[in-house]
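Every number in this note's numbering is 87 more than the matching position in the sequence shown, counting from 1. From the three backbone atoms N, C-alpha and C, an ideal C-beta is built for every residue, glycine too. Each remark here refers to the structure printed beneath this line.
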Amino acid sequence: MAAFLRLQIEMNEMTYPSFGQISRNATGILHPTATSSCPNVFGLGDAHGANIMISDKEGPDNRRELLYIDYEVAGYHSVMLDLAKPFYLDVFFEMLYADNVKESSGIEYALEDGVIKITLSVCTDRLGQEIMNIKRQLLIDPLFQYSRGMGFSLVEHESGIVCFGTSQ
88 MAAFLRLQIE
98 MNEMTYPSFG
108 QISRNATGIL
118 HPTATSSCPN
128 VFGLGDAHGA
138 NIMISDKEGP
148 DNRRELLYID
158 YEVAGYHSVM
168 LDLAKPFYLD
178 VFFEMLYADN
188 VKESSGIEYA
198 LEDGVIKITL
208 SVCTDRLGQE
218 IMNIKRQLLI
228 DPLFQYSRGM
238 GFSLVEHESG
248 IVCFGTSQ
């Protein structure tokens with residue numbers, strides 16, 4: 088396993104750090120006592136689509152109330168934790184549960200010359216693509232922009248999204 092964690096990763100012809108490097112970086116960033124620039128928040132920690140109920144009644148401003156359910160992992164933690172799990176579960180559902188899906192999940196992989204080579208077709212279905220666009224445009228991009236305006240950067244914490252999203 089140690090040798091595997093040190094292997095170089097190439098995904099869609101782009102080079103990434105090894106799984107070991109990504110995991111160590113994310114562990115340091117996401118640890119509750121980390122002194123990183125990533126803010127800690129009180130969050131649900133599990134706000135994917137299956138844990139949000141939407142009111143059938145519209146309020147005076149034409150909005151609907153949201154009811155968050157399943158508080159099992161709620162608490163103070165890195166803001167990245169509240170981004171990662173819903174993003175992965177809602178956007179990459181077919182890939183995460185590919186072992187239960189009979190058709191292709193859009194992932195091909197091979198080990199060539201000591202490099203893990205991955206070809207990933209992200210969100211090949213229309214619904215997954217639209218959910219990804221919505222989360223990117225209305226959640227992730229504005230949050231990263233807001234953080235820059237407040238004087239800190241979330242870019243260094245992107246590996247936290249990757250690791251936490253895949254650890255659940």
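query, result
"Is it true that the CB of I109 sits closer than 8 Å to the CB of L170?", "no"
"Compute the distance between the beta-carbons of F180 and K222, then report whether it is under 8 Å.", "no"
"According to the neighbour-count rule (16 or more other Cβ atoms, all chains shown, within 10 Å of its Cβ), is M140 buried or exposed?", "exposed"
"Suppose you measure from the CA of E235 to the CA of I203; what does that come to, to the nearest Å?", "Looking at the sequence provided, one finds Arg at residue 235 rather than Glu. C-alpha separation (whole angstroms): 34 Å."
"Counting only the same chain and skipping the five closest in sequence on each side, list residues whose C-beta sits under 6 Å from that of L154.", "M140"
"Please report how far the alpha carbon of D186 lies from the alpha carbon of I194, in whole angstroms.", "12 Å"
"So, helix, strand or coil for T114, using DSSP?", "helix"
"Can you tell me whether F251 is helix, strand or coil according to DSSP?", "The predicted position of F251 is uncertain, since its pLDDT is 44 and thus under 50; a value taken from the coordinates is nonetheless stated next. The answer is helix: DSSP assigns F251 an H, G or I state."
"Please state whether the Cβ-Cβ distance between G130 and L168 is less than 8 Å.", "yes"
"Tell me whether the beta-carbon of D148 lies closer than 8 Å to the beta-carbon of K172.", "no"
"Roughly how many angstroms separate the alpha carbons of D200 and E97, rounded to a whole number?", "12 Å"
"Three-state secondary structure (DSSP) at S142?", "strand"
"Using three-state DSSP, classify S234 as helix, strand or coil.", "helix"
"Please classify H164 as buried or exposed, where buried requires at least 16 other C-beta atoms within 10 Å of its C-beta.", "buried"
"Please report how far the alpha carbon of N99 lies from the alpha carbon of K144, in whole angstroms.", "44 Å"
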